[in-house]
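Here's the structure we're looking at; comments come further down.
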Amino acid sequence: MIKLTVNGEVRSYDGDPEMPLLWYLRDELKLKGAKFGCGIAQCGACRVHVDGDAQPSCVLPMSATAGIKVTTIEGLSADGSHPVQRAWVEEDVAQCGYCQTGQIMTAVALLAQNPAPSDADIDQAMINICRCGTYVRIRRAIHRAAALMREGGK
Amino acid sequence: MNAIALTRRRALQISLTTAGGLLAGVPLPRAVAKAAGVQLGLYVRIEPDERVIIGAPSTEMGQGINTAMPMVIAEELDADWSKVSIEQLPLMIKRNPAGPGWVFTDFPAGAGGSGSMIDAWAFLRPAGAKLRQMLIAAAAQRWKVAASECTTEPGCVVHGATKRRLSYGALASDAAKQAEPDSKSVPLKARKDYRIVGRPQRNAQAQTIVRGTERFGIDVEMPGMLYATIARPPAFDAQIVSIDDKAARAVPGVRDVVRIDGPKPDEPLYILGSGVAVVATSYWAALKGRAALKIAWSASPWASESSETMATQMERLMRGRGHLVNDEGDFDGAIKKAARVIERVYSVPYIAHATMEPQTATAHVRADGCDIIASTQSPGLSSRYAAEITGLERDNIRVLPARLGGGFGRRLEADYVWEAVFISKAVNAPVKVVWTREDDLRHDYYRPAGRHHLVMGVDGAGKVIAYKHRLASTSKSYRRRGNDGSKPWEPDLYDNAFPSGFVPNFQREYFAVESGAPRRSWRAPGHTANAFAVQSFIDEAAHELKQDPLAFRLALLHDDTRKLNYGFDVPFVGARLAGVLRRAAKEAGWGSPLPKGRGRGIAAHFTFSSYCAEVVEVSVDANDKLTVDKVTCAIDCGLPINPLGVKAQCEGGICDALSTALHQQITVKDGAVVEGNFDTYRMMRMDESPRVIDVHIMENDYPPSGMGEPPVPPLAPALCNAIFAATGKRFRDLPIGAQLTKA
Ligand code: FES
Ligand code: FES
Chain Z
1 MIKLTVNGEV RSYDGDPEMP LLWYLRDELK LKGAKFGCGI AQCGACRVHV
51 DGDAQPSCVL PMSATAGIKV TTIEGLSADG SHPVQRAWVE EDVAQCGYCQ
101 TGQIMTAVAL LAQNPAPSDA DIDQAMINIC RCGTYVRIRR AIHRAAALMR
151 EGGK
Chain G
1001 MNAIALTRRR ALQISLTTAG GLLAGVPLPR AVAKAAGVQL GLYVRIEPDE
1051 RVIIGAPSTE MGQGINTAMP MVIAEELDAD WSKVSIEQLP LMIKRNPAGP
1101 GWVFTDFPAG AGGSGSMIDA WAFLRPAGAK LRQMLIAAAA QRWKVAASEC
1151 TTEPGCVVHG ATKRRLSYGA LASDAAKQAE PDSKSVPLKA RKDYRIVGRP
1201 QRNAQAQTIV RGTERFGIDV EMPGMLYATI ARPPAFDAQI VSIDDKAARA
1251 VPGVRDVVRI DGPKPDEPLY ILGSGVAVVA TSYWAALKGR AALKIAWSAS
1301 PWASESSETM ATQMERLMRG RGHLVNDEGD FDGAIKKAAR VIERVYSVPY
1351 IAHATMEPQT ATAHVRADGC DIIASTQSPG LSSRYAAEIT GLERDNIRVL
1401 PARLGGGFGR RLEADYVWEA VFISKAVNAP VKVVWTREDD LRHDYYRPAG
1451 RHHLVMGVDG AGKVIAYKHR LASTSKSYRR RGNDGSKPWE PDLYDNAFPS
1501 GFVPNFQREY FAVESGAPRR SWRAPGHTAN AFAVQSFIDE AAHELKQDPL
1551 AFRLALLHDD TRKLNYGFDV PFVGARLAGV LRRAAKEAGW GSPLPKGRGR
1601 GIAAHFTFSS YCAEVVEVSV DANDKLTVDK VTCAIDCGLP INPLGVKAQC
1651 EGGICDALST ALHQQITVKD GAVVEGNFDT YRMMRMDESP RVIDVHIMEN
1701 DYPPSGMGEP PVPPLAPALC NAIFAATGKR FRDLPIGAQL TKA
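Residue numbers (my numbering), protein chains in the order written: chain Z, 1 to 154; chain G, 1001 to 1743.
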């Protein structure tokens, strides 16, 4: 029996230990915000926070999740009020929207470590793929979120 | 099928919603309503709580239709924009009253090109205007004043003289009792009075997207649903010889293994090949089961095909004569008289769609009906496949398009829907099929690969007198149902595209290349390849003739106002293409000096009735590192319903095309695709994306035209033209990839 915390709730798991966290979140807990894009830690669509760090959940086997604290996009805020979510709406980032939950989780982790990232910092941290090509607006949204956070958004 | 004429004629059906609001829409024949499980074909609901909801069978895949449609109704209805939302309706079809088969009722669902907006534009505007009149009539009745004394403000009716106001929500139930006004007595707004259409509006689904609660096709759940994944052939058209599924069936959670015998090598493609489906209680168990399968496959009839053999085949074919698609004037005579002849060869590879959301569909086949929810641009084709597999009447098949995690033309094919229906029928349970990325990249309908040979003859005065475009490609009409493949050039080399009509002696010649790789439409189909070759070539010719690339292009177009049939609803006008070229050049500072190692390139293209020009500015440093400093884009798409959405499509199209030009290539080896995931099929990320994208929308009175595709074709040639300006290196084979450092 594996115990882990997901969005503040303690959960127990006793299924296949090889199953990646992504499928546990999506298919068992029905938290569909983390998306499947590649399954090999390349695209970032499945990123969630593992103990505060943005990580691809598609390659993290359940056997390695004992005791970890997972935050998914659904746990980021109850009402979309996190400054990064607000900035994403204000900059009208999303097109199809499929990659955006992963993008937001990466951006939140970046801003937690670096409250005023430069363009070069953003280039380095934002390794998620967006097939719709929303990169210009993602960059603007990160700068806006940084400003919102400085103003005391959170 | 003329959806517009149908709906214009039809009166609205008005009734009360369950909450006591107003419901108005296009009535459906009873059988259709039963099959789809809805009452109206397209509707507007005004609820007592002030919400205005549009029901529409549209398909949202990021192109912004679910924002644009509410904007149109809100405009004519004078609704409060923040209260308008959209509800997805299923496919609606009925038996063809005029003959065999089935037809769409009123609104063909699905998205490809810009058809959905054109239909919605025709219905939503008069419907909105009529409902506004009915709300005014209801208010006038309550206040006992003349309707002519009342007017509206967003979301409410006002009586100016007494300063009274009533909200739409409060009036909805009374409005539902008013007689529907006659279309002729309800004028539509003039463009100059628009307050929503033509103004930037944000994505209407932004909130649910950023919270992770927007539901895509891959998120669909049905009670008792099983998951399926399919083992696919190791090479094109390999067939199943034998299956050993003992180990697969032993995996906990695996429920069944289903053999799928796909099309034979000479049959049309409805799915991409044979396969063995593993069905399980979880997707993970299905994947494990698939890994445990032992399948013996027959040798592929294409086993000797590789990217190299294809290139050799193209070269060999082009040494001979092909099919003449255009032959205007006397090319052979003119080229002999030319003072100068310029010739170049360009090539483009196969590329994959790689929609961010892998292909997925969920189906439940029962004895008396079938439910399908899928990420599809083709609900109609999905329904047809389901009827063929199940033998059910099509009005017992319900297809609900889910939000798509990207389309790009991939989801005009319904092969994965076919799979979900077939497997559901076989195991007698609801089944969700989810492809892995490897499935998706190795089994796609690729954008055709091609080799382009261009020839230009110029007279002593520098005027273009002869022009020829020769193309060898793997046609997109390959094994397409209802197409015998006898005109393979049609979807690849258009007989009516720029510079047709601008050069007196003109030819296009086509060579059909054989390949086992399936291929179909990829965002802005043949245009991506053709614009790369044509717009690179024109640039090379300008440089060789020592002319400015912009001036050379403008001289070719010379503000021509003839209407040419270039194959779209709205005819091509050279002056509009010249217009976007000038605008993009002006905004980009074309001609102003740049430091060493920097350069600008320009290109323009017409497609889907829209015109787009782009100027790319690049830097190449001492280590051959390329940076795209800026892309300036001018787009003429008629009336831009949502300018913010048009800009998003331009930015996205530019990034998509840049990613493709830099990196993307599907390699064939031993009759199979090499690249399997994003580690080898490289996509552009943030670090390579343009530093600045500056989009300018042309103002004019033309009706709305396409905007999903038009920004894509000009980018690759403008990029290569810019790299040439910066470095003197010319790239004629895509992708650029590592060539920059090698050159
Ligand atoms: S699905 Fe995990 S990184 Fe792509
Ligand atoms: S918004 Fe579609 S993949 Fe990023």
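Glycine included, each C-beta is placed from N, C-alpha and C at the ideal position.
Please read all numbers here as calculations on a predicted model, not as lab measurements.
Beta-carbon spacing of residue i, residue j below 7 Å
i: W1418(G); j: Y1446(G); result: no
i: V1712(G); j: R1481(G); result: no
i: N62(Z); j: M105(Z); result: The question names Asn, but residue 62(Z) is Met in the sequence shown. Result no, Cβ atoms of M62(Z) and M105(Z) do not sit closer than 7 Å.
i: L1124(G); j: I1093(G); result: no
i: A1603(G); j: P1717(G); result: yes
i: Q954(G); j: T1059(G); result: Look at the range of chain G in this structure, 1001 to 1743, and you will see that residue 954(G) is not part of it.
i: G52(Z); j: T101(Z); result: no
i: R1398(G); j: P1090(G); result: yes
i: A1206(G); j: A1247(G); result: no
i: E91(Z); j: R137(Z); result: yes
i: F1552(G); j: A1542(G); result: yes
i: D1656(G); j: G39(Z); result: no
Which of helix, strand or coil DSSP assigns to residue i
i: G15(Z); result: coil
i: G1450(G); result: strand
i: C1655(G); result: helix
i: V1513(G); result: coil
i: N1642(G); result: coil
i: L1012(G); result: coil
i: A1228(G); result: strand
i: K1563(G); result: strand
i: L1166(G); result: strand
i: Q1207(G); result: helix
Residues that residue i bridges to, as DSSP identifies them
i: W1297(G); result: I1240(G)
i: I1389(G); result: Paired residues: none, contrary to the question.
i: C1612(G); result: H1605(G), I1635(G)
i: H1364(G); result: D1371(G)
i: H1323(G); result: Y1510(G)
i: G1457(G); result: V1341(G), A1466(G)
i: A1024(G); result: I1014(G), V1044(G)
i: P20(Z); result: P61(Z)
Cβ-heavy atom distance, residue i to ligand 2, below 6 Å
i: G1406(G); result: yes
i: M1356(G); result: yes
i: Q95(Z); result: yes
i: G1262(G); result: no
i: T134(Z); result: yes
i: G1062(G); result: yes
Amino acids of chain Z, ordered along the chain, whose beta-carbon sits closer than 8 Å to that of residue i
i: A1627(G); result: Ala is not the amino acid found at residue 1627(G); the sequence shown has Thr there. Going along chain Z, no residue has its Cβ under 8 Å from T1627(G), so there is no contact; the nearest lies around 11 Å.
i: A1228(G); result: The premise fails here: A1228(G) is roughly 13 Å from chain Z at the closest Cβ pair, so nothing lies under 8 Å.
i: M1061(G); result: C96
Amino acids of chain G, ordered along the chain, whose beta-carbon sits closer than 9 Å to that of residue i
i: M126(Z); result: R1685, M1686, D1687
i: M149(Z); result: Correct list: empty, because the minimum Cβ distance to chain G is about 16 Å.
Any non-hydrogen atom of ligand 1 closer than 6 Å to residue i Cβ
i: P56(Z); result: yes
i: C46(Z); result: yes
i: F1216(G); result: no
i: A41(Z); result: yes
i: F1724(G); result: no
i: C130(Z); result: no
i: C99(Z); result: no
i: G33(Z); result: no
i: G37(Z); result: yes
Within chain Z, the residues that residue i reaches when beta carbons sit closer than 7 Å
i: C1655(G); result: G133, Y135
i: I1693(G); result: V136
i: Q1507(G); result: Residues of chain Z passing the Cβ test: none, with the nearest at roughly 36 Å.
i: A1354(G); result: R131
Interface residues of chain Z facing residue i [CB-CB closer than 9 Å]
i: F1216(G); result: K32, K35, C96, G97, Y98
i: D1444(G); result: Here the premise fails: no neighbours, minimum Cβ distance about 14 Å.
i: D1621(G); result: Going along chain Z, no residue has its Cβ under 9 Å from D1621(G), so there is no contact; the nearest lies around 15 Å.
Neighbour list for residue i in chain G, Cβ cutoff strictly below 7 Å
i: M19(Z); result: W1284
i: C43(Z); result: F1678
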